[in-house]
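A short write-up of the structure that comes next.
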Amino acid sequence: MATVNQIQFRLKLAKRTLATATKAVTATKNRVKRLEAEIKKAKAAAAKAKVKKKKPVAKKKPVAKKKPVAKKKPVARKKPAAKKK
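Residue numbers (this note's numbering): 2 to 86.
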């Protein structure tokens with residue numbers, strides 16, 4: 002049978018192992034929560050970016066140019082004849 006000191010030693014080791022494992026579990030839980038929050042934000046940002054994208058505008062066909070028409074020279078107006086008294 003084990004002595005009292007041996008049992009106490011094993012108990013201390015078990016408690017220390019349990020404390021280390023508990024810390025690791027807590028840290029892992031916090032990390033998982035943080036990563037899930039990041040995923041949620043990334044999905045929201047991706048959805049928002051997808052909505053913002055506009056469809057590319059189709060290029061308009063160039064309008065056919067009209068043929069230049071020769072400008073008519075303005076006709077000089079005749080001055081009205083002076084009235085005779």
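Glycine included, C-beta positions come from ideal geometry on N, C-alpha and C.
Cβ-heavy atom distance, residue i to the ligand GTP, below 8 angstroms
i, result
"Ala15", "Inclusion of the ligand GTP in the displayed structure is not the case, the ligand content being empty and no account of it being possible."
Three-state class that DSSP yields for residue i in the structure shown
i, result
"Thr23", "helix"
"Ala65", "coil"
"Lys13", "helix"
"Ala71", "coil"
"Thr4", "coil"
"Lys51", "helix"
9 angstroms Cβ cutoff, residue i in contact with chain B
i, result
"Lys61", "The structure shown contains no chain B; it is built from a single protein chain."
Cutoff 6 angstroms; reference residue i; Cβ partners in own chain excluding five residues on either side
i, result
"Val64", "none"
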